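First comes the structure, then the notes that go with it.
There are 2 protein chains.
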Amino acid sequence: MAAAETPDETTVGLGGHPADAAVETIHRELTAFARRARASAGRMHPELSLVSYTLLGHLEERDGLRATDLAAHYALDKSTVSRQVSALERAGLIERRVDPDDQRVQVLHLTEAGRHILGQVTESRRAAFRERLAGWPAQDLIRFAAYLERYNAWPGGEPDRAAPRDTYGGRGTH
Amino acid sequence: MAAAETPDETTVGLGGHPADAAVETIHRELTAFARRARASAGRMHPELSLVSYTLLGHLEERDGLRATDLAAHYALDKSTVSRQVSALERAGLIERRVDPDDQRVQVLHLTEAGRHILGQVTESRRAAFRERLAGWPAQDLIRFAAYLERYNAWPGGEPDRAAPRDTYGGRGTH
DNA sequence: CTTGCTGGTTGCACAATACAACTCCGCTAC
DNA sequence: GTAGCGGAGTTGTATTGTGCAACCAGCAAG
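Listed in order, the protein sequences are those of chains V and Y.
Mapping of the first sequence onto the UniProt record's numbering: position 2 corresponds to residue 2, and the numbering continues sequentially without gaps.
Mapping of the second sequence onto the UniProt record's numbering: position 162 corresponds to residue 162, and the numbering continues sequentially without gaps.
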């Protein structure tokens, strides 16, 4: 799957090639998707914003993360995460516990309620996705999923813990 | 989390099958992407927010759209579009002209400045995407692009003009 | 002309976010 | 030890995108 070869920038680097158009399309479609994701997510579950949902989902996968981890993972400011986490805690969906090894650190855990809500939301979100993907051949689904994973896994894209994240030239104003 | 999988497989596949996992992955990855798109876009081009960029891009493709069209297309509230359009106009990137056939309607056009800026932003955004997609075989790029298009083209998803948008049925009075 | 619909704008509220200043804590150097 | 540095979180402040509701302005029927 790696397809590490194809070093030929020629494939993706030159204007006018089908591949170039593809990049353009990917760019546009992904952006369009992003534009809507938030809106629809909000409509579906007023209870859980897209952010909250995402954070919660992340916690479900890896219990015991620190706020900083989440911030790094999503390229969010710590303050944002802090507030989101506070909200989540206030809502009783997660718990913050001080790491015995390092008093500065707060380890985050999903509560039962959190797990429950997350389950519901995931279920209905998944249903929507499934509906949307109905009719797709399994083969395509698998490939699509793989592409997305590959895309998101780009180094610098998801600096999971201790990551440089110079992807975007650091602090911007690029 | 594919634990309690309700096997309504008729849709995309059979519970617990690779296809189902794929849907799950698509769901997760797409969401993760959405979470970041905005942030990175903002960092890259303070000049043009993701929304503005998107709207502008849309106008480039189809000159002479109405604000309502954009709203429907992106599932945004008309007020939001109205404000964005105003901003864009204030910035001299687009022009609003009254439709001679219907005085209520404002037809939107890109100005030269708008086209120019859009070109720049598109170029650098494309560069980023291209960098990220470098090394992908052309075949994969094309397929990926096609998948995304197919995904976004879902009937309820992009109600171009006259949109029922009952996709997400519930009007979560937020 | 009155009613009703559609496109658009404005007032208001709110959520998400960034940035900066600050507190706490742990670690290292003196 | 104490001082100072750096990392984790929190809080203050401002900005932006957003939706909803109320509103105004044309068009189309009756």
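Yeah, the Cβ is synthetic: ideal placement off N, Cα and C, and Gly gets one too.
Predicted model, so just to flag it, every value in this text is computed and none were measured.
Closest Cα partner of residue i within the set the options
i: ALA134 of chain Y; options: V:PHE33, V:SER52 and V:ARG150; result: V:ARG150
i: LEU93 of chain Y; options: Y:LEU110, Y:SER82, Y:ASP101 and Y:GLN106; result: Y:LEU110
i: GLN139 of chain V; options: Y:TRP136, Y:THR80, Y:SER124 and Y:ARG143; result: Y:ARG143
i: GLU61 of chain Y; options: Y:ALA128, Y:LEU141 and Y:THR122; result: Y:THR122
i: ALA19 of chain Y; options: V:ASN152, V:ALA153 and V:ALA145; result: V:ALA145
i: TYR74 of chain Y; options: V:LEU59, V:ALA37, V:ASP99 and V:TYR74; result: V:ALA37
i: ILE26 of chain Y; options: V:LEU148, V:ALA41 and V:ALA127; result: V:LEU148
i: VAL98 of chain V; options: V:GLY64, V:GLY114 and V:ARG130; result: V:GLY64
i: ASN152 of chain Y; options: V:LEU30, V:VAL23 and V:GLU24; result: V:LEU30
i: THR54 of chain V; options: V:SER79, V:ARG35 and V:GLN84; result: V:GLN84
i: HIS58 of chain Y; options: Y:GLN103, Y:TRP136 and Y:GLY119; result: Y:GLY119
i: residue 176 of chain Y; options: V:ALA39, V:ALA22, V:ARG132 and V:SER124; result: In the structure as shown, chain Y starts at 1 and stops at 174, and residue 176 of chain Y therefore has no counterpart that could be examined.
Close-in-space but distant-in-sequence residues of the same chain around residue i (CB under 8 Å, 5 per side omitted)
i: SER82 of chain Y; result: ALA67
i: ILE117 of chain V; result: GLU47, LEU48, LEU56 and LEU93
i: ASN89 of chain Y; result: It is Glu, not Asn, that sits at residue 89 of chain Y in the sequence shown. For GLU89 of chain Y, where only same-chain residues beyond five positions count, the Cβ hits under 8 Å are GLU95 and ARG96.
i: ASP8 of chain V; result: Any answer about ASP8 of chain V is weak, because its pLDDT of 43 lies below 50 and its placement is not dependable; what the coordinates show is given next. Cβ neighbours of ASP8 of chain V beyond the five flanking positions: none.
i: ALA87 of chain Y; result: SER52
i: TRP136 of chain Y; result: PHE144
i: ARG130 of chain Y; result: none
Chain-order list of residues whose beta-carbon lies under 7 Å from that of residue i (same chain, five-residue window excluded)
i: ASP77 of chain V; result: ALA71
i: VAL107 of chain V; result: GLY64, ARG66, ARG97 and ASP99
i: LEU141 of chain Y; result: LEU133
i: GLU112 of chain V; result: none
Classification of residue i by the beta-carbon crowding that lies within 10 angstroms, buried from 16 upward
i: ARG28 of chain Y; result: buried
i: GLY114 of chain V; result: buried
i: ARG132 of chain Y; result: buried
i: ARG104 of chain V; result: exposed
i: GLY13 of chain Y; result: At GLY13 of chain Y, the pLDDT of 41 sits below 50, so the modelled position is not reliable; the number obtained from the coordinates is stated separately. Buried: at least 16 other Cβ atoms inside 10 Å.
i: GLY169 of chain Y; result: Reliability of the predicted coordinates at GLY169 of chain Y is poor, the pLDDT of 34 falling under 50, and the value obtained from them is presented with this limitation in mind. So GLY169 of chain Y counts as exposed.
Contact set for residue i: own chain, Cβ-Cβ below 6 Å, skip 5 residues either direction
i: ALA128 of chain Y; result: none
i: GLY15 of chain V; result: Per-residue confidence for GLY15 of chain V stands at a pLDDT of 47, beneath the threshold of 50, marking its modelled position as unreliable; no derived number is given.
i: ASP102 of chain Y; result: none
i: GLY172 of chain Y; result: In this prediction, GLY172 of chain Y scores a pLDDT of 34, lower than 50, which makes its location untrustworthy; the coordinate-derived value is nonetheless stated afterwards. Taken in chain order, the list of residues that qualify is empty.
i: ARG35 of chain V; result: none
i: ALA91 of chain V; result: none
request  = Scan the UniProt domain "HTH marR-type" (23-153) of chain Y and note each continuous alpha helix (DSSP H) run of 4 residues or more that stays entirely inside, going in chain order.
outcome  = 50-61, 67-74, 78-90, 112-133 and 138-152
Fill in: Short-range partners of chain V found in the stretch 133-144 of chain Y, where Cβ spacing is below 9 Å
Listed in sequence order: LEU133, ALA134, GLY135, TRP136, PRO137, ALA138, GLN139, ASP140, LEU141, ILE142, ARG143 and PHE144.
Open item on the list: Can you pull out the residues from the stretch 64-91 of chain V whose beta carbon lies closer than 8 Å to at least one beta carbon of chain Y?
Closed with: Those residues of the stretch 64-91 of chain V placed with their C-beta closer than 8 Å to a C-beta in chain Y are TYR74, ALA75 and LEU76, ordered along the chain.
Discussion item. Tell me which residues of the stretch 24-36 of chain Y have at least one Cβ-Cβ distance to chain V shorter than 9 Å, keeping chain order.
Written reply: GLU24, THR25, ILE26, HIS27, ARG28, GLU29, LEU30, THR31, ALA32, PHE33, ALA34, ARG35 and ARG36
Exercise. Which of the residues in the stretch 90-116 of chain V, read from start to end, lie with their CB under 7 Å from any CB of chain Y?
Worked result: none
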